[in-house]
Amino acid sequence: MHPSLLKLFILFFLIFFSPASSSVTAAVPTALPNCVDECGNITIPYPFGTSSNCYHDSGFYVACNATYDPPRAFVSTTNIELTDIALSDATATILTPIAHDCYAPLGLGPDINNIWTDVSGLPYTFSQTRNKFTALGCDTVALNFEYNVLDYSSGCVSFCDDRSSIANGTCSGIGCCQTSIPKGMHRVYTVLRSLRNHTTTWNVSPCSYAFVVDQEQFVFNLTDLYGFYSKNDGKVPTVMDWAIGNATCQQVNGTEKFSCGANSYCVDNDNGPGYRCNCNSGYQGNPYLADGCQDIDECADPGTSPCAGICENTPGSYACSCPQGYYGDGKKSGSGCINKPKKFPLIQVVLGSGLSFLFLLVSGSWVYWIYRKRKLIQLKEKFFKQNGGLLLQQQIASRDGAAESAARIFTAEELKAATDDYSESRVLGRGGYGTVYKGVLPGGRVVAIKKSMVVDRTQIEQFVNEVVLLSQVIHKNVVRLLGCCLETPVPLLVYEFVSNGTLHHHIHGAPSSLSWETRLRIAAETSAALAYLHSAIARPIFHRDVKSANILLDNNYMAKVADFGASRLIPLDRTQITTLVQGTLGYLDPEYFQTGQLTEKSDVYSFGVVLAELLTGQKPLSQQRPEEERNLAIHFLLHMRENRLFRIVEPRVRSEGSREQLSAVAELTQRCLRLRGEERPEMREVAAELERARRGRTATEDAAADAEGETESSLGRRGETRYYTGRL
């Protein structure tokens, strides 16, 4: 036989007839000895168990109810049904109830079912990565929070008018809405509300539903708007994370409390206290059993073996090699086993190839560097044109007499240097619309630089006009827009920097550092700034998100109205109907839920909430107040109607302000918080009344000529075109 054929025969023989383990690997145990490892259709692996001495601790007890056919498993001693347990990612799937809110025709009813699921005291937490809080309906406001813990909360709204507006497979707020849940939740409480009792949408959606569901097991369908509760027997699958104990891996490693077996490693729980165990690479089985992680024999089946030549199993791994006369790494995913060829001038070939490669690498790198530099210049020019740079230059050039107020166009290099290449240490804040960085320009001027996430290319001309407009808004109590950079994929906006934090921080800090005199001055300055935006410039602006967190204070506690979360202005004559909430809960105009439109009176309402904060020192939303008064506006108006104002006024404010002065400001606040926008005062009226309160004068004592003349001279005449502040 020819020598090469003999070698090939030997190779095939070794591959297919090598002495691999022919015995079938014994089944890897999942439960402790003498313990049942299943209940009906689900496997019950340790640390779980269905009887005493079969589970890690009482929190992992699984009640197997054999009265069902097949039997059903339940979490510990609760009535929460358990449908799956996974060791690989330490999760368990349970069935949780659906909250529903149903109405009869003409809004009669309702049949309300607010629900909660409580696993506190057990080793479970609701999985933030797998679950979504979901609401269905066409007149639906849904809230989901950790019971008695307001910080752990989320919610969404869903509206629709008819079936044609609803799309299957999407939960964007039309018929269906979804939002993430916070980490570490043990007691989920779900509340449903309706704005119009489904009277306008009853034929499309007579009910609202809300639930926490495994996002991998739920896809929205139009038919879900009808009878979703009954079709699912009132429950949906929800994924829970579970963990061992309350300590970290470092705290229990080497102690009797450490529950990870041999050939495994410990991982801290990232959704609450405790830890979990995983088998090492090359092992499989139950890591919570002493010898639960068994070696995987990669060589047992030649068909699935990773080796193309000789396969040798090792503890937790394997080794591949080639038979004599062949070379290579022996792996199917690598070079395999190659027949050794005759000798040839290897050194010469390698040397020549190396030099050629080095020459190509150096010359190619140089050409690529030049190409990249030109490409970067072209890209900057492209972005500059796309973002309206030429139009902005024309706008600036046409305003020769307004150089002081003109928007400055910054280069990308200037802002990159000002922020240390957008270093994390320069981040002032993040929001749903972008990130704000602290920057230092040449000459030492400190600025705030807004980097948005997205930009609407169809609105570039509008964006440029608004940058020019907002850069001309010069008021001592308004954060000024200094300019922008248009050489980046998304335009960057540059504002003046205000150093002393937000009004929200100073009101709700412990303890508050603001006297009543300072609070009243801040309120007067803020209202004057908003009145200026509403009435004193050629193209009035509506803020849309007035709140204490958007009122900045300088080192002298002077108020500066800002909104770093804003991105653009929206003309009022272009209808803005949306299914997603704009603004901030607790400050949002109630009329918005009916019209989907924010007006200047929406700013007045939001400012009324800020006045209530200044008077009471309480937050706009608080779990500490009774359920019907958790909204500060409702809480405040209730006490005003019952003549109990001074019971909720902050003690320091009550001691420093006169009763007449506090009553005047409270009555003004009450007017600002009226449900109907047309019944609220204009912002310039609010500013005038607060200024009178600061001077200690009444409306009667202020002469009509003084009130009219002073307001007209400081605020100017109202313009015809109205704008919202959007996300700029």
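Numbered according to mature numbering (1 follows the signal peptide of the UniProt record, and there is no 0), the sequence shown spans residues -22 to -1, 1 to 706.
We put the beta carbon where it would ideally sit given N, CA and C, even for glycine.
Problem set entry | ASP275 vs ASN291 beta-carbon contact at 8 Å | yes
Exercise. Taking the continuous beta strand (DSSP E) assigned at LYS579, which residues delimit it?
Worked result: Not the beta strand (DSSP E): LYS579 falls in the alpha helix (DSSP H), residues 578 to 594.
Exercise. From this set, GLU474, VAL539, PHE38, which residue's C-alpha is nearest GLY461's C-alpha?
Worked result: GLU474
Exercise. Using a Cβ-Cβ distance under 8 Å, would TRP220 count as near chain D?
Worked result: The structure shown contains no chain D; it holds only a single protein chain.
Problem set entry | Close beta carbons around ALA41, own chain, < 6 Å, minus the five adjacent residues each side | PHE52
For this session: Note down, in chain order, each residue of its chain lying with its Cβ closer than 7 Å to the Cβ of HIS484, except the 5 sequence neighbours on either side.
Result: SER490, SER491, LEU492, LEU531
For this session: Tell me ILE76's beta-bridge partners as DSSP assigns them.
Result: Answer by DSSP bridge pairing: none, since ILE76 is not bridged.
For this session: Could you tell me which residues DSSP puts in a beta bridge with THR112?
Result: GLN156, PHE189
Problem set entry | Assigned exposure category for LEU625 - 16 Cβ within 10 Å defines buried | Sequence check: residue 625 is Arg here, not Leu. Counting Cβ neighbours within 10 Å, ARG625 comes out exposed, since fewer than 16 surround it.
For this session: Would you kindly report the start and end of the unbroken alpha helix (DSSP H) that includes GLU638?
Result: 637 to 650
Exercise. Nearest CA to the CA of GLY303: which residue from LYS310, ILE316, PRO293?
Worked result: ILE316
Problem set entry | For ASN122 and ASN247, the rounded distance between their alpha carbons | 23 Å
For this session: Please classify MET218: does DSSP put it in a helix, a strand, or coil?
Result: strand
Exercise. What number of angstroms, rounded off, separates the C-alpha of GLY564 from the C-alpha of THR577?
Worked result: 17 Å
Problem set entry | Where ALA41 sits in the DSSP three-state scheme | strand
For this session: Identify every residue that forms a DSSP beta bridge with GLY461.
Result: ARG386, VAL472
Exercise. How should VAL14 be labelled, buried or exposed, when 16 other C-beta atoms within 10 angstroms of its C-beta is the threshold for buried?
Worked result: exposed
Problem set entry | Sub-8 Å separation of LEU646 and VAL627 beta-carbons | no
Problem set entry | Assigned secondary structure, ILE348 (DSSP; H/G/I helix, E/B strand, else coil) | helix
Exercise. Would you report the Cα separation of GLN602 and ALA540, rounded to the nearest angstrom?
Worked result: 29 Å
Exercise. Pick from ASP35, LEU267, ALA188: whose alpha carbon is nearest that of ILE93?
Worked result: ALA188
Problem set entry | Coil, strand or helix - GLU124 by DSSP | strand
Problem set entry | DSSP state of ILE274 mapped onto helix, strand, coil | coil
Exercise. Among all the DSSP beta bridges, which residues are the ones paired with ARG171?
Worked result: VAL119
Exercise. Where do the ends of the beta strand (DSSP E) carrying THR233 lie?
Worked result: Careful: THR233 lies outside any beta strand (DSSP E) and carries neither H nor E.
Exercise. Helix, strand or coil: how does DSSP classify LEU203 here?
Worked result: helix
For this session: Tell me CYS298's beta-bridge partners as DSSP assigns them.
Result: CYS289
Exercise. Per DSSP, TYR243 is paired with what?
Worked result: ASN256
Problem set entry | Nearest-angstrom Cβ-Cβ length linking ILE222 and TYR253, presumed shorter than 8 Å | 6 Å
For this session: Give the straight-line distance between the Cα atoms of HIS176 and GLU569, rounded to the nearest whole angstrom.
Result: 17 Å
For this session: Run the proximity test for ILE485: is its beta-carbon closer than 7 Å to any non-hydrogen atom belonging to the ligand HEM?
Result: For the ligand HEM, the structure offers nothing, since it holds no ligand at all.
For this session: Over the uninterrupted beta strand (DSSP E) stretch that includes ILE195, give me the two end residues.
Result: In the sequence as presented, Ile is not what sits at residue 195; that position holds Gln. Segment: none, GLN195 is in no beta strand (DSSP E) and carries neither H nor E.
Problem set entry | CYS227, DSSP secondary structure in three states | helix
For this session: Quick one: using the 10 Å Cβ neighbour count with 16 as the cut-off for buried, is GLY342 buried or exposed?
Result: exposed
Exercise. With respect to the beta strand (DSSP E) encompassing GLN262, which residues constitute its N-terminal and C-terminal limits?
Worked result: 261 to 263
For this session: To the nearest angstrom, report how far apart HIS34 and PRO25 are at their CA atoms.
Result: 5 Å
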